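Chains as they are written, first to last, in the numbering used here: chain X, 1 to 341; chain U, 1001 to 1268; chain R, 2001 to 2300.
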Amino acid sequence: MRTILVATTALLSTTFGALAEGELNLFNWGNYTSPEMIEKFTAQTGIAVTVTDYDSNTTALTKVEAGGSGFDLVVPSANYIPVYLRKGLIAELDHSRLPNIGNIAAEWKDVPWDPGRSHSVPWQWGSVGMAVNTTVYGGDVNTSELFMDPPEELVGKINVVPEMSDVINMAIFNLGGEACTEDLVLLKQVRDKMMAAKPKWLSMDYGTTDKLSSGDYAASVNWNGSTMRARINNPDIVYGYPKKGYPLFMDSVALLSDATNVDEAYQFINFILEPENAAMISAFARYANGVAGSEEFMPEDMKTAPEIVTPAEFVAAGKFLPTCPQSAIDLYTAIWTELLK
Amino acid sequence: MAKRRAFDVTTLPGFTTIAILAFVLLYAPIVTLVIYSFNGGNSVNQWGGFSLQWYAIAAQNEAVQDATARSLIIAVWASVISTTVATMAALGTTRRGKFKGQTIIYVIINQPLMVPEIVTAVSLLIFFSSVKVATGYSGLGYLILAHSAFCIPFAYLPIKARLEGMDTTMETAAADLYATPWQSFRYVTLPLLLPGVIAGAMLAFIISLDNVIITEFVKSAGQDTLPTYMLGQLRRALTPEVNAISTALLGLTVLILTLFVFVTKKRD
Amino acid sequence: MSRQTPGRSKGLNGWLLSTPALILLLLAASGPLLIVAVYSVLEKGDYSGVRWILSGEGWFRVLFEKDIFDQTISLADANLSIFWRSFKLSIATTVITFAFGLPTAWFIATRPAKSRAFWLFLITIPFWTNLLIRTFAIMEVIRNQGILNTFLMHFGLISEPIQILYTDTAVLMGMTYVYLPLMVLPLYAAIDRFDFRLIEAGYDLYASRWQVLRGVILPIIKPGIIAGCILVFIPSLGAYVTPRVLGGGKNMMIGNFIELQFGQGQNWPLGAALSTVLLLVVLVSLLVYTRASSRDNPNG
């Protein structure tokens, strides 16, 4: 009997004793958080950070909105921040608790989707384009036709990341439309062209960095940083900027309204606004960050990489995705769900 | 007069070949996976010499340590709870002859075996989300609850089988010697039943350890178990670390199974 | 002295002892299923969840869809193709596992008693191995630089890797691999009880091997066959992990389609309705099974 009692107590303590001092729950994109940066943070503050992954904005939003998830920080893309705001899911940031708030680069200090940065700080930003393995396809990579109407060599070999706003907007640009358009005629063309192209796609999945490196994908709609990482593993990979228009995105860190570890969250946010730490984040995922002064800490290869430093002729085609009115989003969601099936 | 054929009536043409082929095909992928866990190189399919580096990496990976600890804690809790509860249910439903409503009990107890896991996972997601919001509690309780529930049939079946095979003379003897039902249970039935109970506990343990879908849906922030961690890795960053973890998990399963065979083969 | 007679109030005791198990299961297994049924008739919430307003939208969307642009109502082809694919793959998996499983079960059952335990153990290990590990293992074999392709290229049978991964074939291969032990075990149990003298009798009557198989063996082990088929068909119909990992997001089965509604699809009622449909299909299959096996019971 006694042994049973002792065992039960031990068991109970393992379950509940795990509540250590200083914890933080970060909900972020997969493969997007630098382990070194987290280690440095923990060493400096004693706060243990648990990172949980998500693959897409919609999955993250759904999980957060369902409630009771236990996360403190989330990293949505720019066009989703107003949605979180509207639903009261993220809290206003008390800038007096963030001494480093002034470090945000000038062009990212005041953005239309988060005026004055009242609810978020920059994490990383980049572009969405085409990653192609040149041993399989040697033609022009700077076009979204590669996935909207795959050439011979790429039929059955190209992947499309299932990130709704990035893909749909690229498709809209491909057909000459503007972001957030509600032109039904144009959208019907978008829907039809994508549905026609879908059978020629290999898959609609994430994990593009590894699969491009290993050759499981010959090409993919992909983010620039992920493509750079693939190229480092496999030099045959190049990154293409669709001439007709490609989306630019920025992901920012926001504090959840029901966060329990608020102090720790503020410490973390302040931490990543240090130029050195921001550079660590960038060095891992290979995206640019929004902190001024981080350039001198960035890795050498990022200063000249074609994925980061956009060639002059393509700069104008990069369009930052605004937050579309709900009616537009509903239309896109309907098209997207139809496509996903 | 019927002629005696010179061959074995138990053989059927081609069956042995197909059987051996099936075994080979069944084990080849697993063996490959195990071999590549010792890969000195960095890729999952290019051999780079023998090395234990991935085991070291996995062992030092905090996320892995965390997930492993959590998997084990949940499995122990789930197996204890489900085995206790299943033992009681087995005692209540065996060796008594039919009673009213017994079928319903059977159906409910065996329900986790038949209902597709995705449906259970989705239903628990819905149910627990509301509870989490209402109570604000988001600890391991939900996972333990869910695991205990679906482990019940796995604990129940071996115990029931053992109970049915048990001979009642000992208990009748105990009653003849004026033992109370509780004493009879504690000193006679339980010890005889023990191998079945242990077997049930082991199966429940393995089942809980292996669960993927229900855990994936029910878990909250930072509550990865070993399988959900592996699922995340499978979809994103494939390194032989996954092989190392898989091999370790496989080793544990084989160990428990061997013990299980041992325990159930014991003659009492 | 009154002796505790085992027959007295057995019903009450039976229920009493079973109560903890029942409560646990009703709370965390059977009970929530009712919630799913309820959610299927509610209106969908903004990005997730539901609004507590009755709506037939969820069930409507199971089979029908409204075109986004011209609002015409039509049969949801995409949904139907997912149902069809799931059904097709599950049947195919059942057939292939049976083709491999019967000889394997026969083989194990006809081993001498000493080595039989070994073979049984050998087939049990994959059965208890984590589903994820098994799916991962097969993925490693069929991917572009996996063993299969390397093997075929090495022997000059193909010049560049065959794209197997992310196709229906990959999912089929994966499911067959994962569910094979589930077919073998019930077949083994049935063959184990089989009286081999019947075969001898068959041969003595000059039956060919094929006739013996068809006329003697198969009918008698039918309960085992049915059990095996059910044990493979039902889980494969509701498969989630295997199609997700091997299907590449494009070849969805019902399980993935359901999950989609709770993620990017943002339609919980539809997800709930689909889950209920899946559940009903499973229940019907089980009913067919109990009918079929109880009908054969009198024959023993």
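Each residue gets a CB set at the ideal place from its N, CA and C atoms; glycine is no exception. For clarity, every value in this text was computed on a predicted model and none was experimentally measured.
Residue i to residue j span [Cα, whole Å]
i: K2114(R); j: A1201(U); result: 27 Å
i: A980(U); j: Q1102(U); result: Because chain U spans 1001 through 1268 in this model, residue 980(U) falls outside it and cannot be assessed.
i: F249(X); j: I1207(U); result: 43 Å
i: K243(X); j: T143(X); result: 6 Å
i: L1072(U); j: N28(X); result: 26 Å
i: L1143(U); j: I1074(U); result: 7 Å
i: A18(X); j: L1209(U); result: Bear in mind that a pLDDT of 44 at A18(X), under 50, signals an unreliable position, so the number given afterwards is only what the model happens to contain. Roughly 20 Å separates the two Cα atoms.
i: G126(X); j: A288(X); result: 6 Å
i: K198(X); j: L339(X); result: 8 Å
i: F1015(U); j: I2217(R); result: 14 Å
i: P2161(R); j: N2149(R); result: 5 Å
i: V132(X); j: V309(X); result: 18 Å
i: R2085(R); j: L2286(R); result: 21 Å
i: N2013(R); j: S1220(U); result: 39 Å
i: G1092(U); j: S2018(R); result: 6 Å
i: M2139(R); j: Q1233(U); result: 13 Å
i: M2253(R); j: Y2240(R); result: 7 Å
i: E65(X); j: L1140(U); result: 20 Å
i: V2284(R); j: A1086(U); result: 27 Å
i: D2184(R); j: F2087(R); result: The sequence shown places Val at residue 2184(R), not Asp. So the alpha carbons of these two residues sit roughly 21 Å apart.
i: S2055(R); j: P162(X); result: 29 Å
i: F2323(R); j: I1035(U); result: Beyond the ends of chain R as shown, which are 2001 and 2300, falls residue 2323(R); an answer cannot be given.
i: K1098(U); j: I1105(U); result: 12 Å
i: A2037(R); j: D2046(R); result: 20 Å
Beta bridge counterpart(s) of residue i as assigned by DSSP
i: D192(X); result: DSSP lists no partner for D192(X).
i: W201(X); result: I158(X)
i: A254(X); result: V74(X) and S120(X)
i: S220(X); result: A131(X) and N159(X)
i: T26(X); result: In the sequence as presented, Thr is not what sits at residue 26(X); that position holds Leu. Per DSSP, V51(X) and L73(X).
Cutoff 7 Å; reference residue i; Cβ partners in own chain excluding five residues on either side
i: L2180(R); result: T2097, F2100 and G2101
i: S226(X); result: T208 and T209
i: L331(X); result: E182 and L187
i: L2132(R); result: V2241
Counted within 10 angstroms of its Cβ, other Cβ atoms place residue i as buried (16 or more) or exposed
i: E36(X); result: exposed
i: N994(U); result: Residue 994(U) is absent from the structure shown; chain U starts at 1001 and stops at 1268.
i: Y1137(U); result: exposed
i: D114(X); result: buried
i: G46(X); result: exposed
i: I2158(R); result: exposed
i: K211(X); result: buried
i: K1132(U); result: buried
i: M2175(R); result: buried
i: Y2166(R); result: buried
i: A1173(U); result: exposed
i: H119(X); result: buried
i: Q326(X); result: exposed
i: W1047(U); result: exposed
i: I1020(U); result: exposed
i: L1255(U); result: exposed
i: Y84(X); result: buried
i: R2214(R); result: exposed
i: T2104(R); result: buried
Residues of its chain near residue i, where Cβ-Cβ distance is below 6 Å and the 5 sequence neighbours each way are ignored
i: S1148(U); result: A1078, I1081 and S1082
i: E1241(U); result: W1054, I1057 and A1058
i: V2212(R); result: I2199 and G2202
i: S77(X); result: N57, F249 and D251
Own chain partners of residue i with C-beta closer than 8 Å, once the 5 adjacent residues on each side are dropped
i: I168(X); result: V190, Y332, I335 and W336
i: V1024(U); result: none
i: T52(X); result: N25, L26, F27, N28 and F71
i: P311(X); result: Y241
i: L2182(R); result: T2097, F2127, G2228, L2231, V2232 and P2235
i: R2193(R); result: none
The region 286-304 of chain X in contact with the region 313-323 of chain X per 3-pair CB rule at 8 Å: no
query: Can we say the region 1111-1119 of chain U touches the region 1181-1192 of chain U, given the rule of at least three CB pairs closer than 8 Å?
result: no
query: Does the region 257-272 of chain X come close enough to the region 90-101 of chain X that 3 or more CB-CB pairs lie under 8 Å?
result: yes
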